[in-house]
Amino acid sequence: MRRFYYRFSLAAGFCLCFVAAVLPLKSGRSSALAAGREKPKPIAAAGDQTVPPGQKAGCDRLNFAGQSFIICRARPGRDTIRLFLADNAGRPYKYFRNIRAELAQHGQKPLFLMNAGMYHKDYRPVGLYIENGNPLSPPARHSGKGNFFMKPNGIFYIAGGKAGIMETETFIKAGIKADLATQSGPLLVRGNRLHHRFILNSPYKEYRNGVGVTAQGEVLFAISEGKVNFDTFARLFRDGLHTPDALFFDGSISSLYAPEMHRADWFYPMGPIIGVIAPVRQAKPLSQGD
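For the sequence shown, the numbering used here gives the first residue as 14, with consecutive numbering after it.
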């Protein structure tokens, strides 16, 4: 199973810092984080924040348990949520820029993009992957090593205009005909309960991203701006975002494209990618009297 843990030489680190300094959009988690992994600046004077429901699709920063996160929201039926894996020629997209270029050819743009599940060395999904109603990879029901197989794992899906997160075997037995789906693991939250293997104050921290679905059906994607443990990340979804079910996407390679947050992560090639798509608005021509 594809799990990359990149190690950089001092020279490579210097080049990355230089590129991050000159690009207009951040080429890492932020200009400070990309350059030196500095601690994010506090975004609240005191206390944790919660995301109010009902806002339009987009991203905001959120402070929870002394950590900074970016939360991107979407609502099926109102917003166009899509999964991306490979182009029409079968070539994996791997990078956000390739998706952006293809969408631009069709007069579209991503409001945000995020990696959305684990993958093999050739970028094929490890587990279930359904795109536009077409199953491109079967569910992984066997046991194994790594976060994906920290059971219970689960599936994020959209079916009939409604989003959900369900434990893998439960999803299969339910016979749900999903329009899109991606399998990953572990389940961070299941029925408002944290995964039984998470440890409070665990020293094992990493950049992490995942997805949760509220009781009202809103989809909330989250990515940490600093390294956090599983317990804190799961509590973000349950206690900060109030999602009774949440799924881990990945750690270490966690990446985000969100221009309104000045994020355009580019370094890690990816397998499944999820995002919200919108048409490009044409500028209104000026009248002669303007």
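Every residue gets a Cβ at the ideal spot worked out from N, C-alpha and C, and that includes glycine. On a predicted model such as this, the values are computed, not experimentally measured, just so you know.
Residues bridged to Ala153 by DSSP?
Here residue 153 refers to the residue found at position 140 of the sequence shown. The partner list for Ala153 (beta bridge, DSSP) is empty, contrary to what the question assumes.
Helix, strand or coil: which one does DSSP assign to Phe261?
Position 248 of the sequence shown holds residue 261. Three-state result, Phe261: strand.
Start and end of the alpha helix (DSSP H) containing Asp244?
The residue labelled residue 244 in the question sits at position 231 within the sequence shown. Element bounds for Asp244: 243-248.
Kindly confirm or deny that the stretch 192-203 and the stretch 255-264 touch, where touching means at least three C-beta pairs closer than 8 Å.
yes
Boundaries of the beta strand (DSSP E) in which Leu309 is found, first to last residue
Absent from the model: residue 309. The displayed extent of the chain is 14 to 303, so no value can be given.
Bridge partner(s) assigned by DSSP for Glu180
Taking the sequence shown and counting its residues from 1, one reaches residue 180 at position 167. DSSP output for Glu180 lists Gly167 as bridge partner(s).
Does the stretch 131-139 come into contact with the stretch 226-239, if we say contact requires no fewer than three beta-carbon pairs (one atom in each stretch) closer than 8 Å?
no
What's the C-alpha gap between Pro123 and Phe211?
Locating residue 123 in the sequence shown gives position 110, where the first residue counts as 1. Locating residue 211 in the sequence shown gives position 198, where the first residue counts as 1. Just so you know, the alpha carbons of Pro123 and Phe211 end up roughly 34 Å apart.
If Met306 and Gly288 are in contact, beta carbons under 8 Å, what's the gap, nearest whole angstrom?
No answer is possible for residue 306: the residues shown for the chain start at 14 and end at 303.
Spatially closest choice to Ser237 from Met179, Val224, Gly174, by CA coordinates:
Here residue 237 refers to the residue found at position 224 of the sequence shown. Among Met179, Val224, Gly174, the Cα nearest to that of Ser237 belongs to Val224.
Neighbourhood of Pro37 by C-beta distance below 6 Å, restricted to the same chain and skipping five residues each side:
On the sequence shown, position 24 is the one that residue 37 refers to. Because Pro37 carries a pLDDT of 40, less than 50, the predicted location of this residue cannot be relied on, and the following value inherits that uncertainty. Taking C-beta separations shorter than 6 Å and ignoring five residues to either side along the sequence, Pro37 has no partners in its chain.
For the beta strand (DSSP E) that Ala235 lies in, which residues bound it at each end?
Here the question's residue 235 lines up with position 222 in the sequence shown. 232-237 is the span of the beta strand (DSSP E), which, as asked, contains Ala235.
Should Asn166 go down as buried or exposed, given a rule of 16 or more other Cβ atoms within 10 Å for buried?
Mapped onto the sequence shown, residue 166 falls at position 153. Per the 10 Å Cβ criterion, buried.
Relative to the alpha-carbon of Thr93, which residue among Ala176, Gly130, Leu149, Gly159 has its alpha-carbon at the smallest distance?
Counting from one through the sequence shown, the residue named residue 93 turns up at place 80. Nearest option by C-alpha distance: Ala176.
Based on DSSP bridge pairs, tell me the residues matched to Glu219.
Here residue 219 is taken as the residue at index 206 of the sequence shown, counted from 1. Glu219 is bridged to Val241.
Quick one: grab the DSSP three-state call for Ile304.
An answer regarding residue 304 cannot be provided, because it is not within the stretch 14 to 303 covered by the chain.
Just to check my reading of the structure: Leu98 and Pro105 have Cβ atoms closer than 8 Å, yes? What is that Cβ distance to the nearest angstrom?
As a working note, residue 98 is residue 85 in the sequence shown. As a working note, residue 105 is residue 92 in the sequence shown. Indeed, because the Cβ distance is near 7 Å, the residues count as touching under 8 Å.
In terms of residue numbering, what span does the alpha helix (DSSP H) encompassing Glu273 cover?
Your numbering for residue 273 matches position 260 in the sequence shown. Premise fails: Glu273 is in no alpha helix (DSSP H) and is neither H nor E.
6 Å CB neighbourhood of Phe161 in its chain, flanking five on each side removed
In the sequence shown, the residue the question calls residue 161 occupies position 148. Scanning its chain for C-beta atoms nearer than 6 Å, with the 5 sequence neighbours on each side dropped, one finds around Phe161 the residues Met131, Val139, Gly198, in chain order.
Backbone CA spacing between Trp279 and Ala187 [nearest angstrom]
What you label residue 279 is simply residue 266 of the sequence shown in a count that begins at 1. What you label residue 187 is simply residue 174 of the sequence shown in a count that begins at 1. The straight-line gap from Cα to Cα measures roughly 38 Å.
Given a threshold of 16 other Cβ atoms within 10 Å of its Cβ, counted over all protein chains shown, does Gly264 qualify as buried or as exposed?
Counted from its first residue, the sequence shown places residue 264 at position 251. Burial call: buried.
Could you say which of Phe250, Ala291, Pro148, Arg91 lies nearest to Arg206 if we only look at CA atoms?
Counted from its first residue, the sequence shown places residue 206 at position 193. Of the listed residues, the one whose Cα sits closest to Arg206 is Phe250.
Alpha carbon to alpha carbon, how far is His209 from Asn242? Give it in angstroms, no decimals.
Translated into the one-based positions of the sequence shown, residue 242 becomes position 229. Translated into the one-based positions of the sequence shown, residue 209 becomes position 196. Rounded to the nearest angstrom, the two C-alpha atoms are 14 Å apart.
On the DSSP letters alone, give me the boundaries of the beta strand (DSSP E) that Ile266 sits inside.
To locate residue 266, count along the sequence shown from 1; it is residue 253. For Ile266, there is no enclosing beta strand (DSSP E), as DSSP gives it neither H nor E.
Check whether the Cβ atoms of Ile189 and Ala172 sit closer than 7 Å, and answer yes or no.
The residue labelled residue 189 in the question sits at position 176 within the sequence shown. The residue labelled residue 172 in the question sits at position 159 within the sequence shown. In contact: Ile189 and Ala172 (Cβ atoms closer than 7 Å).
Please return the same chain residues whose Cβ sits closer than 6 Å to the Cβ of Ala194, not counting the five positions on each side in sequence.
Numbered from 1 along the sequence shown, position 181 holds the residue referred to as residue 194. Closer than 6 Å at Cβ, skipping near neighbours: Leu141, Ile143, Ile168, Tyr170.
Kindly indicate which three-state DSSP category Gly253 falls into: helix, strand or coil?
Position 240 of the sequence shown, counting from 1, holds the residue named residue 253. Correct three-state label for Gly253: helix.
If distances are taken between C-alpha atoms only, which option among Gly79, Ile266, Ala70 comes closest to Gly284?
Here residue 284 refers to the residue found at position 271 of the sequence shown. Measuring from the Cα of Gly284, the nearest candidate turns out to be Ile266.
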